[in-house]
Amino acid sequence: MKGFKVLQAGLFTTLQDQGRNGYKHLGITESGAMDEYAYLWSQKLLNNKNANALEVMVGLKIEVQESTIIAICGADLGFEINGMSKPIWQTYSVQVGDVLSFPKRVSGQRSYLAVKDGFHTKKEYGSYATTLKENIGSKVQKNDILTFTTQMNYPKKYVKKAYIPNYNKTLTLRLSLSYQDRYFSQEEQEKFFNSDYEITLESNRMGAKLKGKPISPKENGIISEGICFGSVQIPQDGQPILLLKERQTIGGYPKIGTVLAIDCFRFAQLSVGDKVRFEKIDLKMAREKTLKFYNFFKDDKED
Amino acid sequence: MTFKPVSVNSLMLYFEQVISEEVLDEVQAMNMALKDIEGIIDLIPSYCSILVEFDIFMHDHKSLEEKISQKLVGLASANKKPTKLIKIPTDYSKNLDLERVASHNNLSIEEVINIHTKTTYRVYTIGFMVGFAYLASVNSKISTPRLASPRKKVPKGSVALADLQTAIYPQDSAGGWNIIGHTEFNDFHSFEVGDKVQFERI
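Here the protein sequences line up with chains A and X, keeping their order. Using this note's numbering, read the first sequence as starting at 1 and increasing by one per residue. Using this note's numbering, read the second sequence as starting at 1001 and increasing by one per residue.
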């Protein structure tokens, strides 16, 4: 079989989609694209419907053995075709023998490389998402051949400039306090919303440990309960942990609130040492923003 | 039961915040009832809560709370689904910590095994890793704290004990529980919150 031959696997390249639902009662996490905004744009450009895409961090290099249409959206990883620098947030028709590479981090962390109609892999528990800790899928390895059904006749498409994010090194995360705020005094909440938090090395697809002014909960533990996407838990050392796509399904630390999903997607483009602040948002507003976000991508009209 | 909106697409149902079989029965019954509601994406039942994740294009918190409240009305009188009983054939000779558990409780190894097999446990929640069911409550006569430092690798199928809980490791993993036996049981996806579990000595 021919497809994309992996010449260099890169830092942590995995196949992802919009994530896995319906199995959390078994302890199976959601997983999926860390930045749904960039992922969904890659799908929209190709008119794909929740197909898989490669989540690329840096260093991936592949040889095209079968011509097809691709889209790349997300972090600027110095994307090149045959050694020539090429802009992203658009589709390309790639030809047999082309070499695609992502050699360096310019801005952001994660880019999505999608092919028209997706790569040929099997769904597990209803999704293509790779979750290493659950032995579902695996990292992309050197010499892997990623196959797909060749597509040639497809118009060139771009994301309009206004929709291309600027991956600044600071970010405000909008958080709804609706959750377990009873465990945090007014004073601790003030401190939380008025401090900068830095992203530490203990950050991955599961969650991100932040460092800043410690927050003291009134209690150290709660009876273990389900954890939702974007939940901010405060363990005993008072340093917040933002829980992301591969979060554990249940946990027993008090949580101060939940970060808006859209902001978690943007967070996925930050790196160690970057800074975030938290800002309150009420759930009604959060719902409106989320509906707007997904409606935009549901909509088939061209932008 | 109280509702707590948790995020744009999730709602927490809190039951009385205690660990008891009565509360577990309520959680189990409600969890079963919720499976009929269209637009629910995931249900994570735990000791005394259920996290409900829903499709935001089908529900908002208020409409979902109303639907769930309707379920609550019929719940008390509804015939409960018979709880499954899962038997775990266990080889207690393949253990790492039975001596530790025995000496901690001033019992013989035989007594520990007898006490562990006598209780019918319930599944209180599933998590930590895929298929890891938290079973309780262990008879306090054999309750033993976790190891001071966790082992780097606990083999799949290890029957384990920590404080008043017991469990089976569904795959190789790091872990700090006391390993008191081993089972070839492999159907970890069959565990559901509320199920009954019994260990049988082989």
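Even glycine gets a Cβ: it sits at the ideal position worked out from N, Cα and C. These numbers were taken from a predicted model, which means no experiment stands behind them.
By the beta-carbon neighbour count (other beta carbons within 10 angstroms, threshold 16), residue 1017/X is exposed. For residue 1129/X, at least one C-beta of chain A is nearer than 8 Å to its own C-beta. For the set 186/A, 139/A, 49/A and 5/A, the Cα lying nearest the Cα of residue 297/A is the one of 49/A. Spatial neighbours of residue 106/A in its own chain (CB-CB distance under 6 Å, excluding positions within 5 residues in sequence) are listed in chain order as 76 and 78. For residue 1024/X, there is no enclosing beta strand (DSSP E); the enclosing alpha helix (DSSP H) covers residues 1021-1034. The beta-bridge partner set that DSSP reports for residue 1178/X consists of 1161/X.
Residues of the segment 208-234 of chain A whose Cβ lies closer than 9 Å to any Cβ of chain X, in chain order: 222, 223, 224, 225, 226, 227, 228, 229, 230 and 231. According to the DSSP secondary-structure assignment, residue 51/A is paired through a beta bridge with no residue. Given a length threshold of 4 residues, the segment 111-145 of chain A has no whole run of the alpha helix (DSSP H) inside it.
Residue 280/A and residue 20/A have their C-alpha atoms roughly 29 Å apart. With a contact defined as Cβ atoms closer than 8 Å, residue 145/A and residue 2/A qualify at about 7 Å. Within the segment 175-233 of chain A, complete beta strand (DSSP E) segments of at least 3 residues are found at 197-203, 207-211 and 231-233, given in chain order. Within chain X, the residues placing a beta-carbon under 7 Å from that of residue 28/A are 1130, ordered along the chain. Buried is the label assigned to residue 1179/X, since at least 16 other Cβ atoms lie within 10 Å of its Cβ. By the Cβ neighbour-count rule, residue 24/A is buried, with 16 or more other Cβ atoms within 10 Å of its own. Chain A places no beta carbon closer than 8 Å to that of residue 1117/X, leaving this residue out of the contacts. Proximity of chain A to residue 1046/X at the Cβ level (cut-off 8 Å) is accounted for by 223, 224, 225, 226 and 250, in chain order. In this structure, residue 1107/X lies away from residue 1122/X, with their beta-carbon atoms at least 8 Å apart.
Under DSSP, residue 106/A takes part in no beta bridge, so it has no partner. Rounded to whole angstroms, residue 1091/X and residue 1021/X show a C-alpha spacing of 28 Å. For residue 1179/X, there are no neighbours in chain A by C-beta distance under 8 Å, as the nearest C-beta there is about 20 Å away.
Using a Cβ-Cβ cut-off of 8 Å, residue 24/A counts as an interface residue toward chain X, since at least one Cβ of chain X sits closer than that to its own.
Residue 1048/X is not bridged by DSSP to any residue.
A residue is called buried when at least 16 other Cβ atoms come within 10 angstroms of its Cβ; residue 16/A meets this threshold and is buried. For residue 1071/X, same chain residues with a beta-carbon under 6 Å away, outside a window of 5 residues either side, are 1033 in chain order. In this structure residue 81/A is not in contact with residue 112/A, their Cβ atoms being roughly 17 Å apart against a cut-off of 8 Å. In terms of CA proximity to residue 45/A, 155/A leads the group 256/A, 155/A and 27/A. By the rule that beta-carbons nearer than 8 Å mark a contact, residue 261/A touches chain X. Within the same chain, Cβ atoms closer than 7 Å to the Cβ of residue 1059/X are found at 1039, the five residues on either side in sequence being excluded. In the structure shown, residue 34/A falls within a coil segment according to DSSP collapsed to helix, strand and coil.
At least 8 Å separates the CB of residue 1166/X from every CB of chain A. At a cut-off of 8 Å between C-beta atoms, residue 1099/X does not count as an interface residue with respect to chain A.
Fully contained in the segment 1089-1127 of chain X are the following alpha helix (DSSP H) runs of length 4 or more, in chain order: 1098-1104 and 1109-1118. Within 8 Å of the CB of residue 1125/X, the CB atoms of chain A belong to 224 and 250, in sequence order along the chain. Look at residue 1012/X here: in three-state DSSP terms it is strand. Using a C-beta cut-off of 8 Å, the segment 200-220 of chain A makes contact with the segment 269-278 of chain A, since at least three inter-stretch Cβ pairs fall below that distance.
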